[in-house]
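Right, one structure below, let's go through it.
Chains as they are written, first to last, in the numbering used here: chain A, 1046 to 1579; chain B, 89 to 529.
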């Protein structure tokens, strides 16, 4: 489930300088980890892993000409997970010492033994070789935590000024930065040290017509990324011109917040007088910053094996794409639909060297020319689908949370034939071009969904003819992906992302990217969302 | 040390305040002891426990403010925490919306917390009972039981002191038939876990699962609906009633970007926007849903009417916005109460000629903030009603509806029940708008 609002940053605010202080050195972490692993084995665990984590974040919030809040957060501690008597057990502690880790390991084993009483079948882990002492770091150019706060505030306030100069009545902007310093060790013999960075600049502008009481918003077309502060140094090579008549710019690995804020203000004002859409069937042309969320909800979540098996049925739901459904070879999508999962793509939110149970990350195919060929899985699920290895999809949002199966990057491969967005639109007789993520909702088995967007343009006889408003489309996942008629080439490809994908009870948050090129879907049902109140 | 007494908490806060060199300083402690168990596929999947206390320090120099927190309580750490808050405050820009700290306040005394809480063993037993009941009927249970105690204490350099303890336990269960064609849901929460009957809640979900197989498709459109409380309020996501009350901020309305914005400027406080039977208020002293006595700044909560006889009676004013508009600020309440009648959901069904019973709504998101239009879907037990009785289960449907329109189309209001620490009645609503069918079970 893609949660609304801003990321949950459940850690302690600290001063900025503190975030740059060195943490525990690797040898010390290894000693503590061994204390936990040895205790767990001694208490009867057949498997154990330990994660020692230092999770840092900084969030800056502004509106118009003022800073609303600057919050620096740090959370440090360790989680120990074990299998004993065939069941999982987990315990966490912020006492990161030989004694603290040993105590957590004992608690985890006790918990596992208690859980074993209601366990129907013992946990079966896919075999995993130990990697010894290894490390991985997000390939960033500039650590966002090393950039002075004043410089970041100045940029956000400059974006706000661009928005107000261009007609926005209000503008809220923010910048989120995350650094996960994670050390993983397991009884398989892995000792993995990782330094993971993520960044998300965003804003929302509001334009108001006081006489009518009407207001419209337009949110940033940035994407949260697995990058450093270099994402906020715009490069011409990263800009993709939107279709003629829209003025839109798509952004790849760097983002021009000033340019986007100015355009957002003009578009929010234009939405106040845009034509309200006539409901009916349209061919939709969806740009990557919009299509990413549709991929996330209707494919990414539907193919999580824990949902497929029923582990999430009390909250996030299950999936139509069951093992039985897969066996029937019903087309998930048209031949144009090639969906790849990965935990490797540079700049993506999901990219890490190893997952949170010590599996080296990889890329694999989920849907091949419209046919479902695989799921997203972790070590204790592989045997259920007759496989012998994990896909490396295990993640915990904190040292204090138990790791479980989460979505990797799930992306639509670009088309192989040369095709630009303008060329694609030129082939559409009656359609709507949609950019940016808007309202979103999907049922608990991932059949029926409804999506809005940030900006909508009418397409008539191959040309963009003007802005529309009050647009949302409703579809069934299989019908929608089977209506996929054309996918633009790699020159149109870019990432969408979310910092805030919620799943589990208690709920955990994860960050994931979805790449695509501008794509056409034929004959999709569009509704008008305008309502009249008394 | 998770649950400190009032004296222990205030002594610790007094010590921390004594380290401050700032113009103003506010300190707070939050602690909780909680435990949970989660099960699915008729087997426990995870269980956990958490014991935490955190200290927050806000230091102010003039209109500059900084916040730091820590979760260790030796003297060196406490001093360092205060120093960090002061360092951030010195670096921060001046806030044009600065408000001085509150002085001493008088607080209400909400009903006391439960004396006995669940243990790992009693949680495991509750899960085993729920699983056993379902397994015996060839049904599959997935549930989550989570609860514990918490305390909150504040103190500042202007003489404000506050302290409160509370307890809560939440249980929800989804039961599915073995063939995956039926699904039912039940949820409840309580201050005192002994008030929760896990077996009877599981039985309710099991009954709904068994009776929801062979669902028929009906045409989407406008229908009379009976929305059970779980279709109106949720503790873990957006909901129709929650979405309404949490959007009653005065500032957003005055700025022109809310459903409560008035044409030409200002807000719609005092206007009748809903059916005259709609009354929504908050009351920290309510024995069924005791609320917080104070908000994060130490502002006292009190009984407040938000909607009275369909009229917007009050809106939320922050201290800054209240001062700017020369009105009293409103502490944000931790629970809401919608008043109702005496009819049960079963009695509402009996008086319905044609309609739909909705157990639960899911994945509700705002479509248009101007009209508060929301979309979402029915889930885990949707039934067609004819001539005062449930006739058959129906396929789930997507709705696009605004709670403002919904609360103008009230046919009947049933007896309120506790849900997500709020009191929520089942509602019978006419012309509720469904826009498409879903195959989801």
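The beta-carbon is built from N, C-alpha and C at its ideal position, and this holds for glycine as well.
Those residues of the segment 1475 to 1506 of chain A placed with their C-beta closer than 9 angstroms to a C-beta in chain B are 1483, 1484, 1485, 1486, 1487, 1488, 1489, 1490, 1491, 1492, 1493, 1494, 1495 and 1497, ordered along the chain.
For residue 215 of chain B, the chain A residues whose C-beta falls within less than 8 angstroms of its own C-beta are 1163, listed in chain order. Residues of the segment 120 to 132 of chain B whose Cβ lies closer than 8 angstroms to any Cβ of chain A, in chain order: 124, 126, 127, 128, 129, 130, 131 and 132.
Every beta strand (DSSP E) of 3 residues or more that sits fully in the segment 103 to 157 of chain B is shown, in chain order, as 112 to 128 and 131 to 149. Not one beta carbon of chain B lies nearer than 8 angstroms to the beta carbon of residue 1265 of chain A.
Contact between the segment 287 to 297 of chain B and the segment 242 to 251 of chain B is absent: fewer than 3 CB-CB pairs across the two stretches fall below 8 angstroms. Judged by their CB atoms, residue 1169 of chain A and residue 1425 of chain A are nearer to each other than the 8 angstroms cut-off. For residue 520 of chain B, no alpha helix (DSSP H) run applies; the uninterrupted beta strand (DSSP E) run containing it begins and ends at 515 to 525, by DSSP. Secondary structure note for residue 188 of chain B: it is in no alpha helix (DSSP H), with a DSSP letter that is neither H nor E. Taking every protein chain shown into account, the CB of residue 325 of chain B has 16 or more other CB atoms within 10 angstroms, so this residue is buried.
For chain A, the residues of the segment 347 to 371 of chain B that bring a beta carbon within less than 9 angstroms of one of its beta carbons are 347, 349, 350, 351, 352, 353 and 361, in chain order. Using a CB distance cut-off of 8 angstroms, residue 488 of chain B counts as an interface residue toward chain A.
At a C-beta separation below 8 angstroms, residue 1259 of chain A has these neighbours in chain B: 458.
About 28 angstroms separates the beta carbon of residue 1238 of chain A from that of residue 1299 of chain A, a gap too long to meet the 8 angstroms contact definition. Residue-level contact by beta carbon fails for residue 1192 of chain A and chain B, as no gap is shorter than 8 angstroms. Contact of residue 450 of chain B with chain A is assigned, a C-beta pair being separated by under 8 angstroms.
For a cut-off of 8 angstroms, the C-beta gap from residue 1421 of chain A to residue 1348 of chain A is around 5 angstroms, short enough to register as a contact.
Around residue 1256 of chain A, the beta-carbon contacts reaching into chain B at under 8 angstroms are 351 and 352. Its Cα nearest to that of residue 1337 of chain A, the residue A:1394 stands out among A:1475, A:1394, A:1371 and A:1288. Listed along chain A is no residue with a C-beta nearer than 8 angstroms to that of residue 92 of chain B; the closest approach is about 17 angstroms. As the crow flies, the alpha-carbon of residue 162 of chain B is around 19 angstroms from that of residue 243 of chain B. Look at the segment 1245 to 1289 of chain A and you find these whole runs of beta strand (DSSP E), each 3 residues long or longer: 1259 to 1264 and 1284 to 1286.
Within chain A, no C-beta atom comes nearer than 7 angstroms to that of residue 249 of chain B; the closest sits roughly 23 angstroms away. Any Cβ of chain A closer than 8 angstroms to the Cβ of residue 464 of chain B would place that residue at the interface, and such an atom is present. Counting of Cβ neighbours within 10 angstroms places residue 197 of chain B among the exposed residues, the total staying below 16. Comparing alpha-carbon positions, the option among A:1447, A:1486 and A:1137 lying closest to residue 1552 of chain A turns out to be A:1447. Per the Cβ contact rule, the segment 282 to 292 of chain B is not in contact with the segment 305 to 319 of chain B (fewer than 3 Cβ pairs under 8 angstroms). The DSSP assignment places complete alpha helix (DSSP H) segments of no fewer than 4 residues inside the segment 1446 to 1498 of chain A at 1466 to 1471, in order along the chain. The criterion of a C-beta distance shorter than 8 angstroms is not satisfied by residue 1155 of chain A and residue 1138 of chain A. Under DSSP, residue 482 of chain B shares a beta bridge with B:304.
By the C-beta density criterion, residue 1374 of chain A is exposed, having fewer than 16 other C-beta atoms within 10 angstroms. Within chain A, 1578 have C-beta atoms less than 7 angstroms from the C-beta of residue 492 of chain B, given in sequence order. Taking all protein chains in view, the Cβ of residue 466 of chain B is crowded by 16 or more other Cβ atoms within 10 Å, so the residue is classified as buried.
By the neighbour-count definition (other C-beta atoms within 10 Å, threshold 16), residue 186 of chain B is an exposed residue. With contact defined as three or more Cβ pairs closer than 8 angstroms, the segment 119 to 131 of chain B and the segment 228 to 237 of chain B are in contact. In the three-state reduction of the DSSP assignment, residue 218 of chain B falls in the helix class.
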